[in-house]
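The sequence shown begins at -12 in our numbering and counts up one residue at a time. Note that CB positions come from ideal geometry on N, CA and C, so glycine has one too. Because the structure is a prediction, the values reported are computed rather than measured. As structure tokens, the structure follows; a few thoughts come after it.
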Amino acid sequence: MKMVFLGPPGAGKGTLAAMASEHLSIPHISTGDLFRAAIKNETELGKKVKEILAEGRLVPDDLTIALVRERLAQPDVKNGWILDGFPRTIPQAEALQQISPVEKVVNFDVEDSVILFRLTGRRVCKSCGKIYHIVTMPPKNEGICDACGGALYIRSDDQESAIKTRLEAYRSLTAPLIQWYGERSLLVTIDGAGKPDDVFQIFVKAIKG
Ligand code: AP5
């Protein structure tokens, strides 16, 4: 299955993608994670996008499409993939149709108040990338990853000013994809407001239909 996860920042795409990837045995590909890895490794791409991510703006389409094209050429995607955070603009969606056409787009519907609560409480493991929330999904020991013992950190774009910019970018550039994919009969919208296990159950039913 070739699947795209669509939704505002903090909707829970990364959290559900980790569960869905295990359930479906297909890789979870997050463009945000790929950019953050490039920044951490101080690659040429990382240097170009560091400031853009910290401010919450979108990376230009040409750089992002090239990154996804390269990732989707890797051998582990032969049985499908979950793309989380791509496409985010109509030109990116058009490019994806050329690279490898998507079969299902799952759109996460979550209110702004929930988004703000989720993003301001998010913590991420520096080593393995596992996602936590200080209230809804806290680690057993504060600041330490349950899975690998790595240190947890706050993403640079989880500050309030960057969250505002990300929400604006989502509304103007990404939300139009809901209609775009709807017109192509590829879209299923699920309520992302519940607990992760409940959202996962809704997801499993939705992709069967
Ligand atoms: P990216 O990393 O994709 O960020 P995002 O889309 O803003 O999404 P998030 O990772 O913030 O949220 P999420 O929906 O995955 O939520 P999560 O599961 O973590 O992109 C970052 C940046 O990279 C962009 O701003 C841009 O600069 C660049 N970029 C990336 N892709 C690009 C593209 N295609 N084009 C151009 N630029 C691009 O959950 C959030 C929190 O809520 C966590 O704390 C979690 O524990 C908690 N939570 C999750 N689900 C639940 C639940 N069901 N109940 C309770 N708590 C929950």
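Rounded to a whole number of angstroms, what is the C-alpha to C-alpha distance between Gly33 and His15? Start at 1 with the first residue of the sequence shown, and residue 33 comes out as number 46. Start at 1 with the first residue of the sequence shown, and residue 15 comes out as number 28. Cα to Cα, Gly33 sits roughly 20 angstroms from His15.
Alpha carbon to alpha carbon, how far is Leu54 from Gly181? For the purposes of this step, residue 54 is identified with residue 67 of the sequence shown, where counting begins at 1. For the purposes of this step, residue 181 is identified with residue 194 of the sequence shown, where counting begins at 1. Leu54 and Gly181: Cα-Cα distance of roughly 32 angstroms.
In terms of residues, what are the limits of the beta strand (DSSP E) holding Arg110? Locating residue 110 in the sequence shown gives position 123, where the first residue counts as 1. For Arg110, the uninterrupted beta strand (DSSP E) segment begins and ends at 109 to 112.
Kindly indicate which three-state DSSP category Leu139 falls into: helix, strand or coil? Reading the sequence shown from its first residue, position 152 is the one you call residue 139. In the displayed model, Leu139 falls within a strand according to three-state DSSP.
Using C-beta distances below 6 angstroms, list every residue in its chain close to Ala82, excluding the 5 sequence neighbours before and after it, in chain order. By 1-based counting over the sequence shown, the position of residue 82 is 95. The residues are Ile52.
By the DSSP assignment, the beta strand (DSSP E) with Tyr168 in it spans what residues? By one-based count along the sequence shown, residue 168 stands at place 181. Premise fails: Tyr168 lies in the alpha helix (DSSP H), 163 to 170, not in any beta strand (DSSP E).
Taking Arg105 as the reference, which of Pro125, Val92, Asp63 has the closest Cα? Along the sequence shown, read from residue 1 onward, the residue named residue 105 stands at position 118. Looking at the Cα atoms, Pro125 is the closest of the given residues.
What residue range does the alpha helix (DSSP H) around Val64 cover? Here the question's residue 64 lines up with position 77 in the sequence shown. Judged by DSSP secondary structure, Val64 falls outside any alpha helix (DSSP H); it is assigned neither H nor E.
On the three-state DSSP scale, how would you describe Met(-12)? Numbered from 1 along the sequence shown, position 1 holds the residue referred to as residue -12. Secondary structure of Met(-12) (DSSP, three-state): coil.
Is it the case that the CB of Asn24 approaches a heavy atom of ligand 1 more closely than 7 angstroms? By 1-based counting over the sequence shown, the position of residue 24 is 37. According to the sequence as given, residue 24 is Ala; it is not Asn. Because no heavy atom of ligand 1 lies under 7 angstroms away, the Cβ of Ala24 does not count as near it: no.
In this structure, does DSSP put Asp178 in helix, strand or coil? Numbered from its first residue, the sequence shown carries residue 178 at position 191. Residue state, collapsed to three classes: strand.
Compute every distance between the C-beta of Val46 and the non-hydrogen atoms of ligand 1, then say whether any falls below 7 angstroms. Numbered from 1 along the sequence shown, position 59 holds the residue referred to as residue 46. Checking the 7 angstroms criterion, the Cβ of Val46 is within range of a heavy atom belonging to ligand 1.
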